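**Q**
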Amino acid sequence: MTKRTCVAVSLIWILSPSSGFNPGEFGPDWAVPVAVYAQQPEPVDEFVPIDELPPQDQLPAAPLLIAAYAFVVLALFAYLLSVARRLGRVQRDLERLQAELKRGGLG
Amino acid sequence: MPTWFTPATALCGLMFAVSPFLIANAPYESTMGLVQKIFYVHLPSAWMFLIAAIVCGVASVRFLFRGDARHDRLAWAAAELVVLFGIVTLVTGPLWARKAWGVWWQWDVRLTASLIGWMVSVAYLLLRKYGGPGSDKLAAGLALFGMANVPFIYISVNYWRTIHPTTSVVPTLPTSFGLPLWFSTVTFLLLFVLLLRARVRLEEQRAQLDSLYLSADA
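Keeping their order, the protein sequence lines are chains A and B.
This note's numbering puts the first residue of the first sequence at 5, with every later residue one more than the last.
This note's numbering puts the first residue of the second sequence at 50, with every later residue one more than the last.
1) Please report the distance separating the alpha-carbon of A:G92 from that of A:L85.
2) Does the beta-carbon distance from B:L245 to B:A57 come in below 8 Å?
3) Compare the C-beta of B:W145 against all C-beta atoms of chain A and say whether one is closer than 8 Å.
4) What in chain A is Cβ-close to B:I136, meaning under 8 Å?
5) Given B:I103, which residues of its chain have a CB within under 8 Å of its CB, disregarding the five upstream and five downstream residues?
6) If we call anything under 8 Å between Cβ atoms a contact, is B:A172 one with B:L191?
7) How about B:A75: is its C-beta nearer than 8 Å to some C-beta of chain A?
8) Quick one: does B:G82 have its CB under 8 Å from some CB of chain A?
9) With a cut-off of 8 Å, do at least 3 Cβ pairs link the region 199 to 208 of chain B to the region 52 to 69 of chain B?
10) Using C-beta distances below 8 Å, list every residue in its chain close to B:F232, excluding the 5 sequence neighbours before and after it, in chain order.
11) If you measure beta-carbon to beta-carbon, which residues of the region 164 to 193 of chain B are closer than 9 Å to chain A?
12) I need the DSSP call for B:G181, collapsed to helix, strand or coil.
13) In chain order, which continuous runs of the alpha helix (DSSP H) of length 4 or greater are located wholly inside the region 128 to 192 of chain B?
14) Using a Cβ-Cβ cut-off of less than 7 Å, list which residues of the region 64 to 78 of chain A approach chain B; keep chain order.
15) Which residues, taken in chain order from the region 228 to 258 of chain B, show a beta carbon closer than 8 Å to some beta carbon of chain A?
16) Compute the Euclidean distance between the alpha carbons of B:L238 and B:D266, then round it to the nearest angstrom.
17) Evaluate contact between the region 172 to 182 of chain B and the region 89 to 104 of chain B, counting only Cβ atoms and requiring at least three cross-stretch pairs below 8 Å.
18) Any beta carbon from chain B within less than 8 Å of A:L85's own beta carbon?
19) In the DSSP assignment, what residue or residues form a beta bridge with B:G82?
20) Do you know how far the Cα of B:G151 is from the Cα of B:G82?
21) Leaving out five residues on either side along the sequence, give the residues of the same chain with a beta carbon under 7 Å from the beta carbon of B:L144.
22) Strictly under 8 Å for the Cβ-Cβ distance: is A:R90 near chain B by that measure?
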């Protein structure tokens with residue numbers, strides 16, 4: 005076996021998965037260019053105005069924002085109203101009962 | 050009601066009137082744009098949700114060990130606020146996520162733990178309403194689980210892989226984002242205190258009504 009063949013066989017063995025050799029262990033420089041290239045998006049052939057997108061791809065933010073703020077206002081207002089109504093009802097019951105007790109009993 | 054209640058209510062109303070102007074003048078976030086402005090109600094309501102769960106849990110512990118009905122009334126009032134601020138958080142979050150993440154909901158740790166915390170408080174209220182005699186102690190035990198969930202909700206984003214922003218976002222906010230956020234937070238905190246006081250007042254009056262009925266029967 006020549007020296008060149010020995011070097012080639014050694015390189016094949018080192019780079020094969022069974023060798024356990026992991027280029028990532030030797031720093032980020034080994035595999036990064038390949039990985040970055042693989043992650044690159046497809047090149048753009050043309051620009052598409054947003055209003056020409058199909059409806060399922062258009063998602064304006066304003067309705068979501070308005071819905072969120074409207075829900076907050078409605079939820080807080082509904083709870084305030086609920087507490088005020090319950091307080092008013094108990095207050096009326098208290099006043100009625102106190103008046104009946106003053107008159108001399110519930111019966 | 051205490052003497053501070055009316056001026057505090059007026060101040061809270063004023064702050065709620067001013068906060069939309071601050072939020073509207075805040076800059077747009079670079080990647081999320083307009084929808085990021087949900088942040089100014091989502092985060093304060095989430096904080097009130099967690100604070101209410103802590104108040105409910107602490108009051109329940111004190112009720113369980115001391116048997117003081119005042120603590121039970123505070124826990125019941127706080128549990129309602131957990132449900133209120135919890136539903137606000139759980140509705141505004143998905144409305145933001147739909148645009149920012151492309152989905153309404155993710156079963157990640159923070160969202161799932163928040164939902165569980167909210168359901169624990171709903172269970173607390175159902176137990177108080179339909180549980181019959183002894184449900185106060187059972188509900189207090191349930192509130193402990195709700196409180197134990199709070200630190201888990203808070204730190205979960207730092208320990209698990211999630212698309213929800215981590216807790217490091219708020220301390221590093223520039224003033225232009227921070228000012229409306231903190232103003233909104235103080236407004237929500239004031240509202241929380243006022244609602245809690247009003248709700249405790251309701252329970253106090255109910256207790257007074259019960260004692261009057263008992264004295265009338267005797």
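C-beta: ideal position from N, C-alpha, C; glycine also.
Since the model is a prediction, treat every value here as computed from it, not as a measurement.
**A** Judging by the given coordinates:
1) Counting from one through the first sequence, the residue named residue 92 of chain A turns up at place 88. Counting from one through the first sequence, the residue named residue 85 of chain A turns up at place 81. When rounded, the distance between both Cα atoms is 10 Å.
2) Walking along the second sequence from the start, residue 245 of chain B turns up at place 196. Walking along the second sequence from the start, residue 57 of chain B turns up at place 8. No, Cβ-Cβ distance for B:L245 and B:A57 is not below 8 Å.
3) Counting from 1 along the second sequence, the entry for residue 145 of chain B is found at position 96. Interface residue, yes.
4) The count along the second sequence starts at 1 and reaches residue 136 of chain B at position 87. Near B:I136 (Cβ distances below 8 Å), the residues of chain A are A79.
5) The residue given as residue 103 of chain B occupies position 54 in the second sequence. Excluding sequence neighbours, B:I103 sits near M196 and V199.
6) Position 123 of the second sequence holds residue 172 of chain B. Position 142 of the second sequence holds residue 191 of chain B. It is a contact, given that the beta carbons lie within the stated cut-off.
7) Taking the first residue of the second sequence as 1, we reach residue 75 of chain B at position 26. False, the Cβ-Cβ gap to chain A never drops below 8 Å.
8) By 1-based counting over the second sequence, the position of residue 82 of chain B is 33. B:G82 counts as touching chain A.
9) no
10) The count along the second sequence starts at 1 and reaches residue 232 of chain B at position 183. Once the five neighbours on either side are set aside, the close Cβ partners of B:F232 are M64, V67, S68 and L71.
11) none
12) Counted from its first residue, the second sequence places residue 181 of chain B at position 132. Coil at B:G181, not helix or strand.
13) 158 to 179
14) A65, A66, L68, L69, A71, A72, Y73, F75 and V76
15) L240, L244, A247, R248, R250, L251, Q254, R255, Q257 and L258
16) Reading the second sequence from its first residue, position 189 is the one you call residue 238 of chain B. Reading the second sequence from its first residue, position 217 is the one you call residue 266 of chain B. If you take the alpha carbons of B:L238 and B:D266, they lie about 42 Å apart.
17) no
18) Here residue 85 of chain A is taken as the residue at index 81 of the first sequence, counted from 1. So, not an interface residue.
19) For this step, residue 82 of chain B is matched to residue 33 along the second sequence. Note: B:G82 sits in a beta bridge opposite B:E78.
20) Position 33 of the second sequence holds residue 82 of chain B. Position 102 of the second sequence holds residue 151 of chain B. The alpha-carbon atoms of B:G82 and B:G151 are separated by roughly 14 Å.
21) Translated into the one-based positions of the second sequence, residue 144 of chain B becomes position 95. So the qualifying residues of the chain are I87.
22) Sequence index remark: in the first sequence, residue 90 of chain A carries index 86 (1-based). Cβ-Cβ to chain B under 8 Å: yes for A:R90.
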